[in-house]
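Structure record follows, encoded as structure tokens.
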Amino acid sequence: MKAYREAVEKLASVKDFVPEKRPLLEEAFNFLTSSSKPFLLLNAPTGYGKTLLSFALTLHSLSDASLFDRVIHVLPIRSIIEDVQKTSEQAFGFSRTKMMGSSDEFMHLFPLNITTVDTFTWDLLKLNTKRRHLIKARIEFGYDYLTQASILTSLVVFDEAHFLLEEESMATAFSSVVEFLTSQGIPIVVMTATLSQGHVEFFKKHAMKNKYEFRVLKPDENDYFVRRELEKDISITFNNGDPLNFIEPGMRNAIIVNEVKRAIELYNRAIAGDVGFENSNVILIHGRMKPSHKRALIERLRGLKDCEFLLIGTQAVEAGVDFSSDVMITDCAPINSLLQRFGRVARHAKDSKGKVIVLEDAPPGPYLEEKIKLTVSLLREKRIHPRIPATYEDIINKVHGSEIGSIKKLINQSLKGKLVKFMEDPSKRAPHVLGEIETLVQNGTLIMRSFLIPLSVDGEIVLISPKKFTELHFKGLVEVKGMTANINNLKDAYRIAKSVALGENVEIIYTGQYDEERGII
1 MKAYREAVEK LASVKDFVPE KRPLLEEAFN FLTSSSKPFL LLNAPTGYGK
51 TLLSFALTLH SLSDASLFDR VIHVLPIRSI IEDVQKTSEQ AFGFSRTKMM
101 GSSDEFMHLF PLNITTVDTF TWDLLKLNTK RRHLIKARIE FGYDYLTQAS
151 ILTSLVVFDE AHFLLEEESM ATAFSSVVEF LTSQGIPIVV MTATLSQGHV
201 EFFKKHAMKN KYEFRVLKPD ENDYFVRREL EKDISITFNN GDPLNFIEPG
251 MRNAIIVNEV KRAIELYNRA IAGDVGFENS NVILIHGRMK PSHKRALIER
301 LRGLKDCEFL LIGTQAVEAG VDFSSDVMIT DCAPINSLLQ RFGRVARHAK
351 DSKGKVIVLE DAPPGPYLEE KIKLTVSLLR EKRIHPRIPA TYEDIINKVH
401 GSEIGSIKKL INQSLKGKLV KFMEDPSKRA PHVLGEIETL VQNGTLIMRS
451 FLIPLSVDGE IVLISPKKFT ELHFKGLVEV KGMTANINNL KDAYRIAKSV
501 ALGENVEIIY TGQYDEERGI I
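1 is the number of the first residue of the sequence shown in the UniProt record's numbering; add one for each residue after it.
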């Protein structure tokens with residue numbers, strides 16, 4: 001436990017908090033550093049401090065590499081990576097991020113490696129997309145065996161893993177990754193605040209097939225965190241109308257909506273009208289902002305932690321942005337997304353009371369209306385506490401499935417078989433895998449998540465959808481370099497997105513004036 005205690009002390013020093021007992025994390029640490037073949041599901045609520053486990057395991061690997069040489073912390077979205085990376089650098093100084101546009105590293109050789117699930121999957125497939133043109137020309141193999149080998153001597157942590165099992169392309173790729181890693185006996189940790197029974201059965205099946213020591217850990221009623229949170233008064237009500245009508249001046253307010261356009265419109269109205277806040281205390285954060293811009297806004301938000309503020313944001317703040325609000329107004333969304341948002345209400349130890357208002361008439365955004373309606377219906381029937389899993393587990397099971405079949409139906413078994421074959425067959429080297437992947441993509445197969453386009457903005461990367469790219473193109477705000485781009489419709493935008501996904505030497509540059517308040521609008 002020496003490494004665990006050291007990690008707690010360093011984090012407390014950097015984050016300026018008084019360490020609290022976390023028996024669940026201690027149990028998880030002991031299990032992972034004593035079992036020769038562990039597979040752990042850590043089902044802990046938002047605010048519990050699950051990332052501490054990765055830091056502690058990394059410190060342990062520096063003094064004892066008998067079970068794993070290093071830790072790879074895999075996250076579903078870039079916005080969370082930035083927060084984890086900053087904390088790691090400040091407290092420990094031993095991590096490296098590995099994702100599009102942020103690093104030239106081709107192997108996971110640092111004590112703690114923080115990466116996106118997309119990059120991690122490409123690495124397991126033995127494809128370094130940055131070397132794609134050299135691989136295609138058969139000049140080199142792009143470190144294929146070396147990159148994969150650096151993973152196979154590590155402990156792998158999948159954080160916020162529920163994001164990875166929500167739609168077909170991502171679920172298929174993630175299922176392939178789990179299938180391959182478990183066949184190799186790699187120590188695995190899955191961390192999430194919203195674990196359905198279907199998820200448990202999915203992971204258990206892979207673990208049992210490969211003779212892992214499988215364990216599910218979640219806090220009980222005696223956990224100090226649970227006892228403390230139960231004392232908080234957090235109300236959840238439902239309403240309709242303008243989100244700005246529900247804010248409370250003098251309090252810490254957050255409005256979380258499902259669409260960037262809606263967030264920007266609310267922000268414009270908030271700073272133009274008399275809503276009771278100084279404009280300097282009104283902050284907008286969404287996914288179409290430069291990473292440096294978003295980091296500056298998050299720092300500004302942290303500086304207001306004990307002051308009144310109005311944060312207006314999208315899904316980009318529902319996970320990975322550490323703030324606490326007294327009042328939250330949120331668009332309705334499926335239960336897993338709502339729980340992430342609720343986790344930012346009365347989040348800190350000293351907070352005792354919070355209010356959540358869910359707007360039922362809000363646009364669904366990227367979510368399935370069926371899941372939104374079921375979520376709202378179930379939340380109306382049962383009072384939950386957003387940081388006590390026992391109060392909302394049955395809702396998660398009903399919305400996201402209580403049986404493994406609910407996940408199986410998302411998985412393209414034929415594609416999964418091909419991806420696993422690419423990973424496990426040593427004769428399938430990078431050029432061969434690239435050729436096969438190119439054929440699949442060109443035929444319209446999504447290998448991971450929906451195609452996104454990396455937009456270069458002042459030398460930084462902002463990911464946008466093909467639809468948004470098309471809009472910007474017809475406004476003359478983007479330039480495509482590296483390929484002939486006759487863009488007449490959304491289909492042409494997807495063609496460019498596919499080229500980028502395959503690692504082709506294509507650069508998309510934002511030529512408009514970046515708005516230092518609103519991002520790309």
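Note that CB positions come from ideal geometry on N, CA and C, so glycine has one too.
Going along the chain, which residues of its own chain have a beta-carbon closer than 7 Å to the beta-carbon of residue i, five neighbours each way excluded?
| i | result |
| --- | --- |
| Glu479 | Ile509 and Thr511 |
| Leu304 | Asn281 |
| Asp123 | Thr147, Gln148 and Ile151 |
| Leu244 | Leu266, Arg269, Ala270 and Val275 |
| Val260 | His286, Gly287, Arg288 and Thr314 |
| Leu62 | Pro111 |
| Ser402 | Ser196, Gln197 and Gly198 |
| Met433 | The sequence given here has Val at residue 433, not Met. Closer than 7 Å at the Cβ level, and outside the excluded window around Val433, lie Leu125, Lys126, Leu127 and Phe422. |
| Lys490 | Per the sequence shown, the amino acid found at residue 490 is Leu instead of Lys. For Leu490, where only same-chain residues beyond five positions count, the Cβ hits under 7 Å are Pro466, Lys467 and Thr470. |
| Gly47 | Gly343, Arg347 and Arg387 |
| Glu6 | Leu59 |
Among the candidates the options, whose CA atom is the shortest distance from the CA of residue i?
| i | options | result |
| --- | --- | --- |
| Leu310 | Gly287, Asp331, Met289 and Gly276 | Gly276 |
| Arg341 | Cys307, Asn258, Phe225 and Lys2 | Asn258 |
| Leu164 | Ala493, His473 and Ile447 | Ile447 |
| Asn179 | Lys498, Lys418 and Ala430 | The sequence given here has Glu at residue 179, not Asn. Answer by Cα proximity: Lys418. |
| Val457 | Ile521, Gly444 and Val18 | Ile521 |
| Leu321 | His108, Ala346 and Asp83 | Note that residue 321 is Val in the sequence shown, not Leu. Answer by Cα proximity: Asp83. |
| Ile234 | Val345, Leu53 and Cys307 | Val345 |
| Gly444 | Pro426, Ser402, Ile496 and Leu472 | Ile496 |
| Asp351 | Asp306, Cys332, Glu370 and Lys373 | Asp306 |
| Gly250 | Asp326, Met208, Gly241 and Leu284 | Asp326 |
| Gln90 | Ser13, Asn239, Pro366 and Lys467 | Ser13 |
| Glu231 | Asn486, His385 and Arg70 | His385 |
| Gly241 | Glu360, Phe120 and Glu221 | Glu360 |
| Ile329 | Ile255, Thr182 and Asn239 | Ile255 |
| Ile487 | Val71, Phe474 and Glu507 | Phe474 |
| Ile461 | Asp425, Lys398 and Lys290 | Lys290 |
| Arg429 | Lys136, Lys355 and Lys416 | Lys136 |
| Ala349 | Ser292, Lys416, Tyr224 and Leu440 | Tyr224 |
| Leu51 | Ala65, Asp64, Asn30 and His73 | According to the sequence displayed, residue 51 carries Thr and not Leu. It is His73. |
| Val441 | Glu504, Lys21, Gly365 and Glu308 | Glu504 |
If you drop the 5 nearest sequence neighbours on each side, which residues of the same chain put their C-beta closer than 8 Å to that of residue i?
| i | result |
| --- | --- |
| Ser103 | Its pLDDT being 48, under 50, Ser103 is placed unreliably by the model, and the measurement read from it follows with that caveat. For Ser103, where only same-chain residues beyond five positions count, the Cβ hits under 8 Å are Arg96 and Thr97. |
| Ser88 | Phe55, Phe94, Ser95, Leu112 and Ile114 |
| Ser34 | none |
| Val200 | Leu41 and Val216 |
Using a Cβ-Cβ cut-off of 6 Å (strictly less than) and excluding sequence neighbours within five positions of residue i, which residues of its own chain qualify?
| i | result |
| --- | --- |
| Pro187 | Pro38, Phe68 and Leu155 |
| Tyr212 | Lys37 and Phe39 |
| Ala3 | Ala56, Leu59 and His60 |
| His400 | Ser196 |
| Ile77 | none |
| Thr237 | Ile357 |
| Leu472 | Val478 |
| Val317 | Ile285 |
Specify, as a first and last residue, the run of the beta strand (DSSP E) that residue i falls within.
| i | result |
| --- | --- |
| Ser13 | No beta strand (DSSP E) holds Ser13; the alpha helix (DSSP H) holding it covers Lys2 to Lys15. |
| residue 526 | No information on residue 526 is available, as it lies outside the stretch 1 to 521 that the chain covers here. |
| Pro243 | Unbroken run through Pro243: none, as it is neither H nor E. |
| Phe39 | Pro38 to Asn43 |
| Asp159 | Leu155 to Asp159 |
| Glu330 | Residue identity differs from the one stated: residue 330 is Thr in this sequence, not Glu. Unbroken beta strand (DSSP E) run through Thr330: Val327 to Asp331. |
| Ala254 | Arg252 to Ile256 |
| Phe309 | Phe309 to Gly313 |
| Glu213 | Glu213 to Leu217 |
| Leu368 | Segment: none, Leu368 is in no beta strand (DSSP E) and carries neither H nor E. |
Report, in whole angstroms, the separation of the C-beta atoms of residue i and residue j, which I expect to be a contact under 8 Å.
| i | j | result |
| --- | --- | --- |
| Pro389 | Lys218 | 6 Å |
| Thr375 | Pro334 | 5 Å |
| Val157 | Met191 | 7 Å |
| Ile139 | Arg518 | Ile139 to Arg518, Cβ: 44 Å. No contact. |
| Gly482 | Val506 | 4 Å |
Which residue comes first and which comes last in the alpha helix (DSSP H) that contains residue i?
| i | result |
| --- | --- |
| Pro454 | Per DSSP, Pro454 belongs to no alpha helix (DSSP H); it is in the beta strand (DSSP E), Ile453 to Val457. |
| Gly198 | Gln197 to Lys209 |
| Ser95 | No alpha helix (DSSP H) holds Ser95; the beta strand (DSSP E) holding it covers Ser95 to Lys98. |
| Leu134 | Arg132 to Lys136 |
| Ile271 | Val260 to Ala272 |
Cβ contact check for the region 203-214 and the region 36-47: 3 or more pairs under 8 Å
yes
Is there contact between the region 165-176 and the region 400-412, where contact requires at least three CB pairs shorter than 8 Å?
yes
Take every Cβ of the region 8-25, pair it with every Cβ of the region 170-179, and state whether three or more of those distances are shorter than 8 Å.
no
Flag this pair as touching only if the region 332-340 and the region 292-304 have three or more C-beta atom pairs under 8 Å; answer yes or no.
no
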